[in-house]
Amino acid sequence: MSNDNELMFKVKSGEIDKLGLLYERYKKMLFAYFFRSTNDRYTSEDLVQIVFTKILTYRHNFSGTGKFTTWMYRIAYNVSIDHFRKNQRYQMHGELNEMSAVDEQTPEIATLQNEQIQLLHKALAALSHENRTVLLLSKFQKLKYKEIGHILDCSENTVKVKVFRALSDLKKNYNLLEKS
Amino acid sequence: MNKKEREALVADFVAAEAGSARSNALEKELLNSGYSAKQIEEFRQLYTQLGKIEAPAPSERMDKAFYQMLDSHSVQGPEQENLLVGWARRLSQFGWRDWGLQIAWSCALLFLGLILGQRWDSTDLQYENRLKQMAVEIQNVQLTLASTLLKQPSPVAKLQGMAHVKNFEEIDVHIADVLLQTLNKDPNNNVRMVALEALQKFTHEPHVRIGLVHSISNQTSPAIQLALVNIMVRLQEKNAVQHFQKLLHENPVENDVREKIEKSIVALL
């Protein structure tokens, strides 16, 4: 089976249909990345679509010097920044009381039976975009801190500090939600 | 150890596999740097709990939107070639035969207009009849034109023919056969994909539906294989199962496509 970079080079050289294989490989991971961030199925599906459209549009920029996934997540990160900028209502940093509005839009959350996990999901959604991103990329997408550094355009050590601060904020948010 | 170094140590600790030698070593380092055992355990638990946040699977709507986007780009073809080379290629493909067809089409419409103008009648009934007759005549001209274009060796002509077919409300058996033949035998993947796209509109026709099912085992392009999988699942076409199985047994299929086909077979059974 062709590796990701080989497939992306084929896409770059005009074999557009090969993007279908990359899509099938990463659609679930990308969708989960956006879903855990937005808590909304349709928005997440739209954002995945935007990522792949951008991959196709900017395919000539793919150099292959790094992993395809790093390049893809960098695009995904930028797409999510744009999304959250345009939809300020999702920016719930420090505004935990607004979380109930998210619940109404996401029946999926109701399927999560454990109350603690629900609270944790809310606490995660309430983090700043960058803090949430480092946790999503390290915990769920299993990326190394060095790779996350390439995506966020910062050093590996900076990523580690961001992870620590994200965890600290997550803990604070969680405790606040638990008390309320 | 400064503040940032201590914070980075926590990040290393939570990412290390619990119980591993590295994790134990980092835990000791954290204890020595001033963290309490309780704080360390809280970080570990929080990070572990985070992994339990689930995400649902994406819906077919996402797949549909993606493949539509991919199809629209595929039709445009490669964009990398030099501008001058591209124009030279297009000029060489745009032969006299194509010019002839364009002129013939224009003449046919002009002729039709002249006839209608001469025979114009003021009574409503006759007016309606004339309109109906004109629609039939235009459809016949379009049919002839599409049929002629589809039989041309040039991919550009074929794509033009298929664009005409997409405007049809019903499909002629002869045109459907030409499109199915294109889908099965054309050497150009893009042309085959557009043929499939054109046929998709007419899957209510048994002839087209059967033709699509039989074309499954002829396909080698992963994009077309995936598009056919999506069509068959949408149509809930159980007859497709044996053809997908034949495709899996007899042709080399990319692993991702294989996985999708296997899931679809289960869904169709």
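Going down the list, the protein sequences come from chains A and B. Heads up: take any position in the first sequence, counting from 1, add 5, and you land on this note's numbering. Heads up: take any position in the second sequence, counting from 1, add 16, and you land on this note's numbering. Yeah, the Cβ is synthetic: ideal placement off N, Cα and C, and Gly gets one too.
### Message
For arginine 274 of chain B and glycine 25 of chain A, I'd like the C-alpha separation in whole angstroms.
### Response
13 Å
### Query
Are at least three pairs of beta-carbons, each pair with one atom in the region 70 to 84 of chain A and one in the region 9 to 16 of chain A, less than 8 Å apart?
yes
### Query
Using Cβ-Cβ distances below 8 Å, what residues of the region 38 to 69 of chain B are close to chain A?
Glu58, Phe59, Leu62, Tyr63, Gln65, Leu66, Gly67, Lys68 and Ile69
#### Entry: CB contact below 7 Å: methionine 85 of chain B versus chain A
yes
### Within chain A, partners of serine 237 of chain B - CB distance below 7 Å
Asp22
### Query
Can you find at least 3 beta carbon pairs, one from the region 79 to 89 of chain B and one from the region 50 to 58 of chain A, that sit closer than 8 Å?
yes
### Query
Which residue from B:Asp28, B:Lys44, B:Ser88 and B:Ser39 puts its Cα closest to that of valine 207 of chain B?
B:Ser88
### Task
State the start and end residues of the unbroken alpha helix (DSSP H) segment that holds leucine 124 of chain A.
120 to 130
### Task
Please say whether isoleucine 153 of chain A and tyrosine 82 of chain A have beta carbons closer to each other than 7 Å?
no
#### Entry: Complete runs of the alpha helix (DSSP H) confined to the region 187 to 230 of chain B [at least 4 residues]
189 to 201 and 205 to 216
### Query
By a C-beta neighbour count over all protein chains shown, 10 Å radius and 16 as the cutoff for buried, is glycine 129 of chain B buried or exposed?
exposed
### Query
If we count the other Cβ atoms within 10 Å of its Cβ and call it buried at 16 or more, is arginine 38 of chain B buried or exposed?
exposed
### Task
Just list the alpha helix (DSSP H) runs in the region 21 to 85 of chain B, keeping only unbroken ones of 4 residues or longer that don't cross its boundaries, in chain order.
37 to 48 and 53 to 66
### Message
Taking 7 Å as the threshold (C-beta atoms), are leucine 140 of chain A and tyrosine 38 of chain A in contact?
### Response
no
### Query
Closest to glutamate 23 of chain B by CA distance: which of B:Phe59, B:Gly35 and B:Lys276 is it?
B:Phe59
#### Entry: chain A contacts from the region 227 to 257 of chain B (Cβ-Cβ distance under 8 Å)
Ser237, Pro238, Ala239, Ile240 and Leu242
### Task
Kindly confirm or deny that the region 159 to 178 of chain A and the region 35 to 52 of chain B touch, where touching means at least three C-beta pairs closer than 8 Å.
no
### Closer than 7 Å at the beta carbon, the chain A residues around arginine 225 of chain B
Per Cβ cutoff of 7 Å: no residues; arginine 225 of chain B is ~23 Å from chain A at best.
### Query
From this set, B:Phe218, B:Gln197, B:Ser36 and B:Lys148, which residue's C-alpha is nearest lysine 182 of chain B's C-alpha?
B:Phe218
### Query
Taking contact to mean at least 3 C-beta pairs separated by less than 8 Å, is the region 224 to 240 of chain B in contact with the region 250 to 263 of chain B?
yes
### Query
Do the CB positions of isoleucine 56 of chain B and leucine 46 of chain B come within less than 7 Å of each other?
yes
### Message
Counting only Cβ pairs nearer than 7 Å, list the residues of chain B close to histidine 134 of chain A.
### Response
Neighbours of histidine 134 of chain A on chain B: none; closest Cβ ~17 Å, over 7 Å.
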